[in-house]
Amino acid sequence: MATCSCGCEAVIRTSTTRNNPGRPFYACPKKGPRSGFIRWVEEMKISPEALMIARLVNGNKILEKENLMLKIGLVCSWFIFLGIIVYKL
Ligand SMILES: [Zn+2]
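Quick note: the sequence shown, position 4, residue 15 per my numbering, numbers continuous.
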């Protein structure tokens with residue numbers, strides 16, 4: 012096991028990043044999924060299921076980001092449209 016710098020016992024989480032999909036790592040249970048990283052779990056192998064889930068989660072994250080950007084774009088274009096209407100009146 013690993014111990015965090017804050018003194019608590021580390022938990023094992025699975026990475027969902029593009030570079031390390033499915034890779035298990037020790038993390039601080041008090042911090043968020045990204046900031047809690049301590050070190051990689053070297054003695055554990057990546058299972059094909061964990062790899063697949065991590066890739067799907069990563070793909071979902073990219074889609075969520077894209078979705079948010081499209082929503083922001085939609086709101087902006089709506090305001091530009093309203094601005095044109097008001098300006099023309
Ligand atoms: Zn900690």
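Glycine included, every Cβ here is placed at the ideal spot set by N, Cα and C.
Could you check what DSSP says for residue i in three-state terms: helix, strand or coil?
i	result
P40	coil
P32	coil
E54	coil
Once you ignore the five residues that flank residue i on each side, which residues in its own chain have a CB closer than 7 Å to its CB?
i	result
A61	T25, G33
C39	C15, C17, C19, A21, G47, I49
A13	A21, Y37, I49, R50
With a threshold of 16 other CB atoms inside 10 Å of the CB of residue i, please say whether the residue is buried or exposed.
i	result
T28	exposed
V86	exposed
To which residues of the same chain is residue i closer than 8 Å at the C-beta, ignoring the five residues directly before and after it?
i	result
M63	G33
E54	none
Going along the chain, which residues of its own chain have a beta-carbon closer than 6 Å to the beta-carbon of residue i, five neighbours each way excluded?
i	result
V68	T27
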